[in-house]
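Residue numbers (this note's numbering): 9 to 349. The C-beta atom is built at its ideal place from N, Cα and C for all residues, glycine as well. None of the values given here were measured: they were computed from a predicted structure. Before any comments, here is the structure.
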């Protein structure tokens with residue numbers, strides 16, 4: 009915007025990525041967005057802060073439209089169009105949204121529009137170029153934001169945990185953290201039920217690691233009683249007793265490093281993962297979509313996601329070169345600037 013490539017407000021972003029990148033840390037006050045140096049320092053101190061740049065652009069009044077184009081294996085949100093508000097929560101001061109997508113419930117970002125201060129409207133679309141292509145081409149002015157993990161995706165949390173703890177423990181961790189009714193897409197619960205069950209699960213996990221019951225008793229019946237209050241939160245409650253027994257046995261034998269890894273990886277085990285050996289069809293679909301309009305992006309950003317291990321390292325260079333070649337076919341010679349974060 010300072011270089012006048014974009015207007016101050018009312019521009020769109022087309023986000024090509026395996027992840028929505030629409031979460032925002034609960035520990036950062038929404039008002040800090042208007043004090044850039046403080047805001048950047050706080051973001052830098054947070055894990056995953058690079059994936060928290062979209063909602064601040066809305067709240068600051070810059071971006072008014074966002075299209076997330078996702079690969080088929082990314083299932084964090086349901087497909088379709090919606091309008092929702094982004095604003096500061098009147099009580100907590102945190103950045104919240106009025107969208108009822110499960111993604112925002114899981115991130116504890118949902119709030120009713122009436123609870124938002126200085127709400128900014130966002131037009132939002134979730135699309136899949138193969139099965140649910142966008143109904144409208146991008147219009148000027150817009151930013152084209154491409155992450156190479158769109159084409160081939162790793163889950164570094166899952167990979168790190170499995171490498172350290174093994175396949176069976178990984179299967180148990182996935183059942184505990186991801187096989188929950190409130191996370192189902194399409195939704196199988198009402199919105200209020202999703203919020204209630206998300207809160208129940210989060211409270212149970214917090215108390216689990218705070219009280220460390222598995223260190224107090226070896227009685228498996230007592231351990232299962234500890235899990236009983238949340239069994240009905242799962243898609244198949246009748247199968248969860250054995251899963252929880254396996255989980256408690258994991259906790260008993262884990263050392264401090266493994267326990268830290270479990271708590272780090274657990275909430276992220278359901279992130280998308282699919283190593284795709286043939287990205288050419290996806291590039292062709294993206295090219296066809298971008299060529300459906302005469303409008304050119306004001307700015308193109310490309311993230312390789314190799315440093316955070318979301319794109320397979322052995323594919324990064326080839327996907328990057330193919331993506332740049334596709335963009336040059338569409339838009340002519342590119343002025344490329346490299347930025348290492």
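Between residue 86 and residue 123, the C-beta gap is not smaller than 8 Å, which leaves the two residues out of contact. The three-state reading of DSSP puts residue 279 in coil, since its state is none of H, G, I, E or B. Assigned with DSSP and collapsed to three states, residue 140 falls in strand.
Below 8 Å, too few C-beta pairs join the stretch 278-289 and the stretch 208-224 to call them touching: fewer than three. By the Cβ neighbour-count rule, residue 20 is buried, with 16 or more other Cβ atoms within 10 Å of its own.
Rounded to whole angstroms, the gap between the alpha carbons of residue 186 and residue 341 is 45 Å.
Sequence-distant Cβ neighbours of residue 318 in its own chain, meaning closer than 6 Å and more than five residues away, are 157, 162. With a threshold of 16 other beta carbon atoms within 10 Å, residue 77 meets it and is buried. Here the alpha carbon of residue 204 sits roughly 15 Å from the alpha carbon of residue 120. Counted as a single uninterrupted DSSP element, the alpha helix (DSSP H) harbouring residue 66 occupies residues 62-67.
In this structure, the CA atom of residue 100 is about 23 Å from the CA atom of residue 70. Residue state for residue 224 is assigned as coil, using DSSP reduced to three classes.
Annotation note: the stretch 195-279 contains the following uninterrupted alpha helix (DSSP H) runs of length 4 or greater, listed N- to C-terminal: 199-219, 228-235, 248-261, 264-273. By the beta-carbon neighbour count (other beta carbons within 10 angstroms, threshold 16), residue 125 is exposed.
Runs of the beta strand (DSSP E) lying entirely within the stretch 132-190 and spanning at least 3 residues, in chain order: 150-155.
When only Cα atoms are considered, residue 52 and residue 230 end up about 43 Å apart. Apart from sequence neighbours up to five positions away, the residues of its chain that approach residue 50 with a beta-carbon distance below 7 Å are 36, 40, ordered along the chain.
If you ignore the 5 residues before and after residue 314, its C-beta comes within less than 7 Å of the C-beta of 321, 324, all in its own chain and listed in chain order.
For residue 103, there is no enclosing alpha helix (DSSP H); the enclosing beta strand (DSSP E) covers residues 103-105. Contact between the stretch 139-148 and the stretch 237-245 is absent, with fewer than three C-beta pairs closer than 8 Å. Beta-bridge pairing by DSSP links residue 73 to 20, 131.
For residue 193, the three-state secondary structure derived from DSSP is coil. Inter-segment contact for the stretch 166-177 and the stretch 331-345 is absent: fewer than three beta-carbon pairs are separated by less than 8 Å.
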